[in-house]
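Residue numbers (the numbering used here): 252 to 508.
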Amino acid sequence: MTPEANPALPSSLRLPPRETPLAEITRKLIDYLLSGAIAPGEKIPGERHLAEALGIGRSSVREAIKSLSLLGLLDVRQGDGTYLSRSGSDLLPKVIEWGLFLNVPSIVDLLEARAEIEVAAAGFAAARADAEAKRNLGARLDEMRDAGSDVDAYVEADIGFHLEIARASGNEVFANLVGSMRSLLRVWVTQVLRQAGSTDTSFALHEPIVTAIVARNADQARAAMRLHMESADDRLREALASETAGLGNRDTSPGRG
(Lines of atoms letter the chains of each structure in order from A and count residues from 1; the text may use other names and numbers.)
(Lines give C-alpha, C1' and ligand atoms only; values in the text may rest on other atoms or scores of the structure.)
Protein backbone atom coordinates (compact mmCIF):
# COMPACT_ATOMS: atom_id res chain seq x y z
CA MET A 1 0.00 0.00 0.00
CA THR A 2 1.44 3.36 -1.04
CA PRO A 3 2.02 5.70 1.93
CA GLU A 4 0.04 8.94 1.89
CA ALA A 5 2.06 11.95 0.73
CA ASN A 6 2.17 14.84 3.16
CA PRO A 7 1.56 18.29 1.64
CA ALA A 8 4.48 20.70 1.47
CA LEU A 9 4.50 22.87 4.57
CA PRO A 10 5.37 26.59 4.42
CA SER A 11 8.76 27.70 5.70
CA SER A 12 6.95 30.32 7.82
CA LEU A 13 5.71 27.48 10.00
CA ARG A 14 9.18 27.03 11.51
CA LEU A 15 9.45 28.47 15.00
CA PRO A 16 12.33 30.55 16.38
CA PRO A 17 15.35 28.49 17.54
CA ARG A 18 14.58 28.62 21.28
CA GLU A 19 12.41 26.82 23.78
CA THR A 20 8.88 27.27 22.48
CA PRO A 21 5.81 27.34 24.75
CA LEU A 22 2.65 25.49 23.85
CA ALA A 23 0.90 28.81 23.16
CA GLU A 24 3.24 29.66 20.31
CA ILE A 25 3.05 26.17 18.80
CA THR A 26 -0.75 26.31 18.93
CA ARG A 27 -0.81 29.75 17.31
CA LYS A 28 1.35 28.53 14.44
CA LEU A 29 -0.86 25.51 13.89
CA ILE A 30 -4.02 27.64 13.93
CA ASP A 31 -2.48 29.99 11.36
CA TYR A 32 -1.55 27.03 9.15
CA LEU A 33 -4.90 25.24 9.48
CA LEU A 34 -6.86 28.39 8.68
CA SER A 35 -4.63 29.37 5.75
CA GLY A 36 -6.55 27.24 3.27
CA ALA A 37 -3.72 24.74 2.83
CA ILE A 38 -5.94 22.06 4.39
CA ALA A 39 -9.58 21.77 3.32
CA PRO A 40 -12.30 21.04 5.91
CA GLY A 41 -12.57 17.30 6.38
CA GLU A 42 -9.06 16.73 5.01
CA LYS A 43 -6.32 14.86 6.84
CA ILE A 44 -3.55 17.07 8.21
CA PRO A 45 0.17 16.17 8.03
CA GLY A 46 1.39 13.65 10.57
CA GLU A 47 3.06 14.53 13.87
CA ARG A 48 6.55 13.77 12.56
CA HIS A 49 6.07 15.96 9.50
CA LEU A 50 4.70 18.85 11.58
CA ALA A 51 7.47 18.47 14.17
CA GLU A 52 10.13 18.70 11.46
CA ALA A 53 8.46 21.76 9.90
CA LEU A 54 8.18 23.49 13.28
CA GLY A 55 11.64 22.41 14.42
CA ILE A 56 10.34 20.97 17.70
CA GLY A 57 9.72 17.59 19.34
CA ARG A 58 6.76 15.40 18.45
CA SER A 59 5.47 15.47 22.03
CA SER A 60 4.97 19.25 21.79
CA VAL A 61 3.08 18.85 18.52
CA ARG A 62 0.96 16.15 20.15
CA GLU A 63 -0.03 18.48 23.02
CA ALA A 64 -0.97 21.28 20.61
CA ILE A 65 -3.07 18.89 18.52
CA LYS A 66 -4.79 17.68 21.67
CA SER A 67 -5.71 21.21 22.71
CA LEU A 68 -7.08 22.04 19.24
CA SER A 69 -9.09 18.83 19.16
CA LEU A 70 -10.72 19.88 22.44
CA LEU A 71 -11.77 23.10 20.75
CA GLY A 72 -13.36 21.15 17.93
CA LEU A 73 -10.94 22.41 15.29
CA LEU A 74 -9.32 19.01 14.80
CA ASP A 75 -10.82 15.52 14.74
CA VAL A 76 -8.37 12.89 16.03
CA ARG A 77 -9.24 9.41 14.74
CA GLN A 78 -7.34 6.66 16.49
CA GLY A 79 -5.43 4.50 14.01
CA ASP A 80 -6.33 6.76 11.10
CA GLY A 81 -4.93 10.22 11.68
CA THR A 82 -6.04 13.77 12.45
CA TYR A 83 -8.47 15.72 10.29
CA LEU A 84 -9.52 19.35 10.05
CA SER A 85 -13.15 19.48 11.21
CA ARG A 86 -15.72 19.78 8.45
CA SER A 87 -18.09 22.08 10.30
CA GLY A 88 -15.61 23.93 12.48
CA SER A 89 -16.47 24.84 16.05
CA ASP A 90 -18.64 27.49 17.66
CA LEU A 91 -15.68 28.14 19.91
CA LEU A 92 -13.20 28.81 17.14
CA PRO A 93 -14.22 32.42 16.43
CA LYS A 94 -13.86 33.13 20.14
CA VAL A 95 -10.47 31.45 20.25
CA ILE A 96 -9.28 33.77 17.51
CA GLU A 97 -11.05 36.80 18.99
CA TRP A 98 -9.76 36.33 22.52
CA GLY A 99 -6.36 35.06 21.46
CA LEU A 100 -6.67 32.13 23.84
CA PHE A 101 -3.43 30.11 23.98
CA LEU A 102 -1.77 32.98 22.11
CA ASN A 103 -1.02 35.49 24.85
CA VAL A 104 -1.08 35.58 28.61
CA PRO A 105 -3.47 38.52 29.22
CA SER A 106 -6.25 36.66 27.37
CA ILE A 107 -5.82 33.56 29.52
CA VAL A 108 -5.72 35.69 32.67
CA ASP A 109 -9.00 37.28 31.59
CA LEU A 110 -10.43 33.79 31.13
CA LEU A 111 -9.34 32.80 34.64
CA GLU A 112 -11.09 35.84 36.12
CA ALA A 113 -14.31 35.14 34.24
CA ARG A 114 -14.22 31.44 35.07
CA ALA A 115 -13.88 32.14 38.80
CA GLU A 116 -16.95 34.38 38.92
CA ILE A 117 -19.07 31.99 36.84
CA GLU A 118 -18.14 28.91 38.86
CA VAL A 119 -18.74 30.68 42.19
CA ALA A 120 -22.19 31.76 41.03
CA ALA A 121 -22.96 28.28 39.67
CA ALA A 122 -22.04 26.71 43.03
CA GLY A 123 -24.47 29.01 44.84
CA PHE A 124 -27.32 28.16 42.49
CA ALA A 125 -26.46 24.44 42.69
CA ALA A 126 -26.79 24.55 46.49
CA ALA A 127 -30.23 26.08 46.16
CA ARG A 128 -31.48 23.93 43.29
CA ALA A 129 -29.69 20.56 43.23
CA ASP A 130 -32.07 17.62 43.51
CA ALA A 131 -31.27 14.19 44.94
CA GLU A 132 -29.98 12.87 41.62
CA ALA A 133 -27.66 15.86 41.13
CA LYS A 134 -26.25 15.36 44.62
CA ARG A 135 -25.62 11.67 43.92
CA ASN A 136 -23.88 12.58 40.67
CA LEU A 137 -21.67 15.08 42.48
CA GLY A 138 -20.68 12.43 45.00
CA ALA A 139 -19.86 10.04 42.16
CA ARG A 140 -17.66 12.63 40.43
CA LEU A 141 -15.87 13.28 43.73
CA ASP A 142 -15.26 9.53 44.11
CA GLU A 143 -13.79 9.44 40.59
CA MET A 144 -11.35 12.21 41.52
CA ARG A 145 -10.36 10.36 44.70
CA ASP A 146 -9.89 7.09 42.81
CA ALA A 147 -7.73 8.79 40.15
CA GLY A 148 -5.10 9.54 42.80
CA SER A 149 -1.78 10.45 41.19
CA ASP A 150 -2.99 9.60 37.66
CA VAL A 151 -3.07 13.22 36.46
CA ASP A 152 -4.90 12.58 33.18
CA ALA A 153 -7.63 10.60 34.91
CA TYR A 154 -7.85 13.21 37.66
CA VAL A 155 -8.26 16.07 35.17
CA GLU A 156 -11.06 14.15 33.40
CA ALA A 157 -12.83 13.60 36.72
CA ASP A 158 -12.25 17.22 37.76
CA ILE A 159 -13.83 18.52 34.56
CA GLY A 160 -16.79 16.19 35.12
CA PHE A 161 -17.14 17.47 38.68
CA HIS A 162 -17.36 21.11 37.68
CA LEU A 163 -19.72 20.35 34.80
CA GLU A 164 -21.96 18.50 37.26
CA ILE A 165 -22.12 21.59 39.49
CA ALA A 166 -22.94 23.78 36.49
CA ARG A 167 -25.74 21.41 35.45
CA ALA A 168 -27.03 21.28 39.03
CA SER A 169 -27.32 25.08 38.96
CA GLY A 170 -30.27 24.68 36.63
CA ASN A 171 -28.84 27.39 34.38
CA GLU A 172 -27.99 26.19 30.87
CA VAL A 173 -25.76 29.21 30.18
CA PHE A 174 -23.58 28.34 33.18
CA ALA A 175 -23.33 24.75 31.99
CA ASN A 176 -22.22 25.80 28.50
CA LEU A 177 -19.74 28.40 29.74
CA VAL A 178 -18.13 26.14 32.33
CA GLY A 179 -17.74 23.38 29.74
CA SER A 180 -16.11 25.74 27.24
CA MET A 181 -13.77 27.34 29.75
CA ARG A 182 -12.70 24.01 31.24
CA SER A 183 -11.84 22.70 27.77
CA LEU A 184 -9.80 25.79 26.94
CA LEU A 185 -7.82 25.59 30.18
CA ARG A 186 -7.43 21.81 30.22
CA VAL A 187 -3.83 21.73 28.96
CA TRP A 188 -2.69 24.29 31.53
CA VAL A 189 -4.48 22.54 34.41
CA THR A 190 -2.83 19.25 33.46
CA GLN A 191 0.56 20.93 33.37
CA VAL A 192 0.08 22.48 36.82
CA LEU A 193 -0.90 19.17 38.41
CA ARG A 194 2.07 17.40 36.84
CA GLN A 195 4.40 20.07 38.17
CA ALA A 196 2.83 19.76 41.63
CA GLY A 197 3.44 16.00 41.61
CA SER A 198 0.27 15.41 43.64
CA THR A 199 -3.48 15.90 43.35
CA ASP A 200 -4.08 15.87 47.13
CA THR A 201 -4.19 19.66 47.60
CA SER A 202 -6.60 20.08 44.70
CA PHE A 203 -8.88 17.29 45.89
CA ALA A 204 -9.08 18.66 49.45
CA LEU A 205 -10.54 21.91 48.09
CA HIS A 206 -13.36 20.09 46.28
CA GLU A 207 -14.85 18.21 49.24
CA PRO A 208 -16.21 21.30 51.09
CA ILE A 209 -18.01 22.38 47.91
CA VAL A 210 -20.00 19.14 47.81
CA THR A 211 -20.68 19.28 51.55
CA ALA A 212 -22.17 22.77 51.21
CA ILE A 213 -24.26 21.89 48.16
CA VAL A 214 -25.67 18.76 49.83
CA ALA A 215 -26.49 20.88 52.90
CA ARG A 216 -28.23 23.42 50.62
CA ASN A 217 -26.05 26.19 52.03
CA ALA A 218 -25.52 28.59 49.12
CA ASP A 219 -23.23 30.97 51.03
CA GLN A 220 -20.89 28.18 52.07
CA ALA A 221 -20.95 26.69 48.57
CA ARG A 222 -19.91 30.01 47.04
CA ALA A 223 -17.21 30.53 49.69
CA ALA A 224 -15.80 27.01 49.18
CA MET A 225 -15.75 27.45 45.40
CA ARG A 226 -14.13 30.89 45.77
CA LEU A 227 -11.34 29.39 47.88
CA HIS A 228 -10.83 26.63 45.31
CA MET A 229 -10.75 29.11 42.41
CA GLU A 230 -8.24 31.38 44.17
CA SER A 231 -5.89 28.46 44.87
CA ALA A 232 -6.21 27.02 41.36
CA ASP A 233 -5.79 30.40 39.68
CA ASP A 234 -2.66 31.22 41.69
CA ARG A 235 -1.04 28.00 40.50
CA LEU A 236 -2.17 28.54 36.91
CA ARG A 237 -0.78 32.07 36.87
CA GLU A 238 2.56 30.80 38.18
CA ALA A 239 2.65 28.20 35.39
CA LEU A 240 1.78 30.84 32.80
CA ALA A 241 4.50 33.17 34.06
CA SER A 242 7.06 30.38 33.86
CA GLU A 243 5.91 29.17 30.44
CA THR A 244 5.94 32.61 28.86
CA ALA A 245 9.16 33.95 30.40
CA GLY A 246 11.05 35.93 27.78
CA LEU A 247 8.08 36.26 25.42
CA GLY A 248 7.82 40.01 25.96
CA ASN A 249 6.43 42.44 28.45
CA ARG A 250 3.19 40.74 29.43
CA ASP A 251 1.47 41.25 32.76
CA THR A 252 0.73 37.90 34.46
CA SER A 253 0.75 39.16 38.04
CA PRO A 254 -2.02 38.16 40.43
CA GLY A 255 -2.76 41.87 40.74
CA ARG A 256 -4.98 41.65 37.68
CA GLY A 257 -7.59 39.75 39.62
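Note that the Cβ used here is the ideal one computed from N, Cα and C, for glycine as well. A quick note: this is a predicted structure, and the numbers were derived from the prediction, not measured.
Practice problem: Measure how close the beta-carbons of Arg391 and Gly411 come, nearest whole angstrom, since I'm counting them as under 8 Å. | Solution: 5 Å
Self-check item: Rounded Cβ spacing between Ile295 and Ile289 (contact assumed at less than 8 Å)
Solution: 5 Å
Exercise. Quick one: using the 10 Å Cβ neighbour count with 16 as the cut-off for buried, is Glu481 buried or exposed?
Key: When all chains shown are included, Glu481 counts as exposed.
Self-check item: Neighbourhood of Ile374 by C-beta distance below 6 Å, restricted to the same chain and skipping five residues each side
Solution: Per the sequence presented here, residue 374 reads as Gly, with Ile not at that position. If we look at Gly374 and ignore the five residues flanking it on each side, its Cβ neighbours are Ala469, Ala472, Arg473.
Quiz item: Assuming Ile358 and Leu491 make a contact with CB atoms under 8 Å, what is their CB distance in whole Å?
Solution: 6 Å
Quiz item: Going by DSSP, which residues form a beta bridge with Leu335?
Solution: Leu325
Exercise. Can you give me the start and stop residues for the alpha helix (DSSP H) that Arg386 sits inside?
Key: 382-398
Quiz item: Glu367: which of Pro291, Arg486, His479 sits nearest, CA to CA?
Solution: His479
Practice problem: From the DSSP output, read off the bridge partner residues of Lys294. | Solution: Tyr334
Self-check item: Chain-order list of residues whose beta-carbon lies under 6 Å from that of Val461 (same chain, five-residue window excluded)
Solution: Within the same chain, Val461 has close Cβ partners Leu388, Leu392.
Practice problem: Express the C-alpha separation of Gly297 and Val327 in angstroms, rounding to a whole number. | Solution: CA-to-CA, the gap between Val327 and Gly297 works out to about 11 Å.
Practice problem: Go ahead and pull the three-state DSSP assignment for Leu362. | Solution: helix
Practice problem: Using a threshold of 9 Å, state whether the C-beta atoms of Arg278 and Leu362 are closer than that. | Solution: no
Quiz item: Which residues in the same chain have their Cβ closer than 6 Å to the Cβ of Arg365, if we skip the five residues on either side of it in sequence?
Solution: Met432
Exercise. For Glu348, count neighbouring C-beta atoms within 10 Å of its own C-beta (all shown protein chains included) and say buried if the count is 16 or more, exposed if not.
Key: Note that Glu348 has pLDDT 44, beneath the 50 cutoff, so the model's placement of it is unreliable and the number below is only indicative. Per the 10 Å Cβ criterion, exposed.
Quiz prompt | 7 Å CB neighbourhood of Ser400 in its chain, flanking five on each side removed | solution = Ser449, Thr450
Practice problem: Report the three-state DSSP secondary structure of Leu301 (helix, strand or coil). | Solution: When secondary structure is reduced to three states using DSSP, Leu301 falls in the helix class.
Exercise. Figure out for me which residue from Ala419, Ala408, Arg396, Ala398 has the closest Cα to the Cα of Ala384.
Key: Ala419
Quiz prompt | Alpha-carbon to alpha-carbon, Val312 and Asp484 | solution = 26 Å
Quiz prompt | Glu458 burial status per 10 Å Cβ neighbour count (16 or more: buried) | solution = exposed
Quiz item: How many angstroms separate the CA atom of Ser340 from the CA atom of Gly332?
Solution: Because the pLDDT at Ser340 is just 47, under 50, the model does not fix this residue reliably, and the point stays unresolved.
Quiz item: Does DSSP put Leu491 in a helix, a strand or coil?
Solution: helix
Quiz item: Grouping DSSP H, G and I as helix and E and B as strand, with all else coil, what is Thr450?
Solution: coil
Quiz prompt | Three-state secondary structure assigned by DSSP to Arg467 | solution = coil
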